[in-house]
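Using the working numbering, you'd call the opening residue of the sequence shown number 48 and step up by one each time.
Report on one structure; see the data block that follows.
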Amino acid sequence: MLEIKGIAVSEGIAFADAYCLVEPDLSFEKETITDVQAEIERFKQALAQSKVELQEIVTSAQDKFGEEKAAIFVAHLLLLEDPEMLAAIEEKMKLGSNAEYALHEVSKMFISMFEGMDNAYMQERAADIRDVTKRLLAHLLHVELPDIRRLASDVIIVAEDLTPSMTAQLDTKYVKGFITDIGGRTSHSAILARSLDIPAIVGTKTATKEIKHGTPLIMDGTNGNILMNVTPEVTTFYMQQQQLQQQQRSELSQYRTLSSISADGHSVEIAGNIGKLEDVEKVLLAAGDGIGLFRTEFLYMERQELPNEEEQFQAYRTVLEKMQGKPTVVRTLDIGGDKHLPYLKLPSEINPFLGYRAIRICLNQQTMFRTQLRALLRASAYGNLKIMFPMIATLEEWRIAKQMLVEEKAQLQAQGVVIADAIEVGIMVEIPAAAMIADLFAQEVDFFSIGTNDLIQYMLATDRMNEKVSYLYQPYHPAVLRLIKHIIDAAHQHGKWVGMCGEMAADEMAIPILLALGLDEFSMNATSILKARAQIAKLSKEQLGQHIEAILMLATASDVEAYIKQQLIM
């Protein structure tokens, strides 16, 4: 039996063959050909194979994701029929170049031409040419390209990493889990895995080297174990564990009809984090008390241009109507860091997590920001909308963003547009500077939502995506807990409520402390809602409060963890 260890980021046990999502070797040598016609025919055959393949992908994408997301592959089909590009490739072959070299040289010329254009849309065509060239080259070299959209059997994805957009495209009908070499518990791919409710293990360092394509795997997303070449006894053990987990999930269903209330009668809200419209159904199925974080950037991803006001309005309206009056916190566009929009052409940065991102982009590109604000304001009439600005570091940023919202509201009302009477507007507290002056912010905002994923990495100066320093990403660090207490106390002194939308909100060990500190709203992936509600139902806020002073005096994160396990976990 072979075993690989990684970081368990999404619970569950999966049995399936490995699907290694690695870049194939498409290297080739420049050759001089003598049989030109045979080389042209070889290229035409690769062209035909690519067209058939892309047509299958178009049909599949239309069924799974709709016409809009399938449009990119339609564009790729059109490129395969582009007479100018095909003629240029054929001309090079007539001059004696092999098909691979002719394709490479012509595509390089077209890519350079498109990238040099001023028009952002035309610049994006360069990426399409790269993709089409890779597909043609693969067929010329008889190399199979990995394509997760064409899966037809159960697999466990194995990759160096998965981007947020790739993870969002995983079809859970066939993808039973995924394993990556890099990443941590709070990486976006891990967060999306939890929202998809599939097992995930990241940070293995060596999975892509040790696991061969097609190898039968058992993965334990609860403990971070990946097993190969197992005995029948081991398989039986994990099948029993899988059945036990399913039974435990079934037992949690009773909490769908119960309120989010502690054993001593203290009420909280347990809300869901969503990134796509489909996620709303998962929150409703878990009887979430609302939506504590709607990540709107996913409306902007997987497309070729910015969504217009009407598209955004319809999306926000749909979510608000489905929530039927339950509070829905919508975070304005939070792009940058590890989330990119190719058509925005953001600058390359040495440290993007501390750079041009989120509210900083929005305040700079005001037309884009005001479009989103108008769409949100129009949608407010259809539910209980709350608007949240991310990555706020200064009161000036907050005031400018809020003023833009006020201006757009006035303009819409002057046009006769119906807007909700009272829309709460708050900020994500994820920058230590904002946390430290929470008492000043609390005098102006309507609420706080603590974004612990970024707050912790900024507090401890540790990149949460870097395995070499991941040991420093410590949610239970005394400094983190003291700062959270400061934020909650400052808000409550001014009559404002505090939520938490970072991964810490669903952490079994963190929940007792957060409840004792007086956190009003716990927002998490829908799959964690019932588990958190069941845990809180067994806890007494008053009794937990008696431990806070002792916890905050502990010196290290490991001391805090030990105390929680010994004194607070029931």
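Glycine included, every Cβ here is placed at the ideal spot set by N, Cα and C.
Own chain, CB closer than 6 Å to residue i, minus 5 neighbours either side, in chain order
i      : result
Thr603 : none
Lys77  : Tyr148
Ala489 : Ala537, Ala538, His541 and Lys543
Leu615 : Pro559
Phe112 : Model confidence at Phe112 stands at a pLDDT of 49, short of 50, so the residue's coordinates are unreliable and nothing is read from them.
Arg197 : none
Asp486 : Ala537
Arg303 : Ala334
Pro263 : Asp64
Beta strand (DSSP E) segment containing residue i, residue limits
i      : result
Glu50  : Leu49 to Lys52
Asp554 : Where Asp554 is concerned, there is no enclosing beta strand (DSSP E), given that its DSSP letter is neither H nor E.
Arg378 : Pro374 to Arg378
Met435 : Asn431 to Phe436
Leu38  : No statement about residue 38 is possible, as the shown extent of the chain runs from 48 to 617 and does not include it.
Glu471 : Glu471 to Val476
Leu264 : Pro263 to Asp267
Spatially closest choice to residue i from the options, by CA coordinates
i      : options                           : result
Met48  : Glu147, Met275 and Tyr148         : Met275
Gly549 : Lys449, Ile321 and Pro525         : Ile321
Glu328 : Met348, Gln371, Gln292 and Arg350 : Gln371
Thr106 : Phe120, Gly231, Ala93 and Gln613  : Phe120
Asp208 : Thr269, Asn513, Ala93 and Ile535  : Asn513
Ser159 : Leu299, Arg177 and Ala146         : Arg177
Ile204 : Tyr429, Glu325, Asn145 and Ala247 : Ala247
Ala122 : Ile104, Ala134, Thr304 and Glu138 : Ile104
Asn411 : Thr441, Leu432, Asp326 and Ala448 : Ala448
Asp72  : Leu133, Gly163 and His189         : His189
Leu401 : Ala310, Val330, Phe416 and Ala440 : Ala440
Gly224 : Glu58, Met415 and Glu568          : Glu58
Val315 : Glu568, Ala581 and Asn572         : Glu568
Glu455 : Glu444, Ile478, Thr414 and Glu477 : Thr414
Met571 : Glu128, Ala93, Leu243 and Glu88   : Leu243
His533 : Leu192, Val492 and Ala481         : Ala481
Gln289 : Leu324, Val99, Thr269 and Glu88   : Thr269
Leu528 : Ile408, Ile583, Ile595 and Val492 : Ile595
Cutoff 8 Å; reference residue i; Cβ partners in own chain excluding five residues on either side
i      : result
Ala174 : Pro389
Lys52  : Thr251, Gly271, Asn272 and Ile273
Ala597 : Tyr610
Presumed contact (8 Å Cβ cut-off) between residue i and residue j, rounded CB distance
i      : j      : result
Thr365 : Gly337 : Not really, about 16 Å apart at Cβ, beyond 8 Å.
Ile60  : Phe90  : So it is not a contact: roughly 47 Å between Cβ atoms.
Phe494 : Val545 : 7 Å
Val222 : Val202 : 6 Å
Ser496 : Leu346 : So it is not a contact: roughly 19 Å between Cβ atoms.
Leu367 : Gly430 : 3 Å
Val69  : Ala237 : Contact doesn't hold; Cβ gap of about 20 Å is too wide.
Tyr518 : Ala426 : So it is not a contact: roughly 43 Å between Cβ atoms.
Arg342 : Arg378 : 6 Å
Ile531 : Leu564 : 6 Å
Cut-off 7 Å between Cβ atoms - residues of its own chain near residue i, not counting five sequence neighbours on either side
i      : result
Asp468 : none
Tyr403 : Gly383, Leu393, Pro394 and Glu396
Leu601 : Pro525, Val607 and Tyr610
Ile54  : Gly231, Arg232, Ile248, Val249, Gly250 and Gly271
Val516 : Thr509 and Asp510
Residue span of the alpha helix (DSSP H) that contains residue i, given as start and end
i      : result
Glu357 : Glu356 to Met370
Leu502 : Thr499 to Met506
Lys256 : Ala254 to Glu257
Ser570 : Premise fails: Ser570 lies in the beta strand (DSSP E), Glu568 to Asn572, not in any alpha helix (DSSP H).
Glu316 : Element bounds for Glu316: not the alpha helix (DSSP H) but the beta strand (DSSP E), Glu316 to Ile321.
Val281 : Pro279 to Leu299
Ala247 : Per DSSP, Ala247 belongs to no alpha helix (DSSP H); it is in the beta strand (DSSP E), Ala247 to Val249.
Gly411 : It should be noted that the sequence gives Asn, not Gly, for residue 411. Here the alpha helix (DSSP H) through Asn411 covers Ile406 to Asn411.
Arg529 : Pro525 to Gln540
Pro479 : Pro479 to Met483
Asp610 : A small fix is needed here, since residue 610 is Tyr in this sequence, not Asp. Counting along the chain, the alpha helix (DSSP H) containing Tyr610 begins and ends at Ala604 to Tyr610.
Tyr148 : Ala146 to Glu162
Ile136 : Pro130 to Lys141
Gly592 : Lys588 to Gly592
Ala333 : Taken as a continuous stretch (DSSP letters only), Ala333 belongs to no alpha helix (DSSP H), as it is neither H nor E.
Leu599 : Ile595 to Leu599
Cutoff 8 Å: residue i Cβ touching any chain B Cβ
i      : result
Met160 : No chain B appears in the structure shown, which is made up of a single protein chain.
Distance cut-off 7 Å: residue i Cβ against heavy atoms of the ligand NAP
i      : result
Ala457 : With respect to the ligand NAP, the structure offers nothing, as it holds no ligand at all.
I want to know whether the segment 456-466 touches the segment 499-516 - three or more CB-CB distances under 8 Å. Judged by pairs of C-beta atoms under 8 Å, the segment 456-466 does not touch the segment 499-516, as fewer than three such pairs exist.
Per the contact definition of three or more C-beta pairs closer than 8 Å, is the segment 256-264 in contact with the segment 589-597? no
Report yes or no: do the segment 434-444 and the segment 469-478 share at least 3 C-beta pairs separated by less than 8 Å? Look at the beta carbons and you see the segment 434-444 touching the segment 469-478: at least three pairs across the two are nearer than 8 Å.
Three or more C-beta pairs closer than 8 Å, one from the segment 563-577 and one from the segment 321-339: is that the case here? Counting C-beta pairs closer than 8 Å gives three or more between the segment 563-577 and the segment 321-339, which meets the contact rule.
The segment 57-71 contacting the segment 154-164, beta-carbon criterion three pairs below 8 Å: no
Touching by the beta-carbon criterion (3+ pairs, under 8 Å), the segment 417-428 and the segment 341-356: yes
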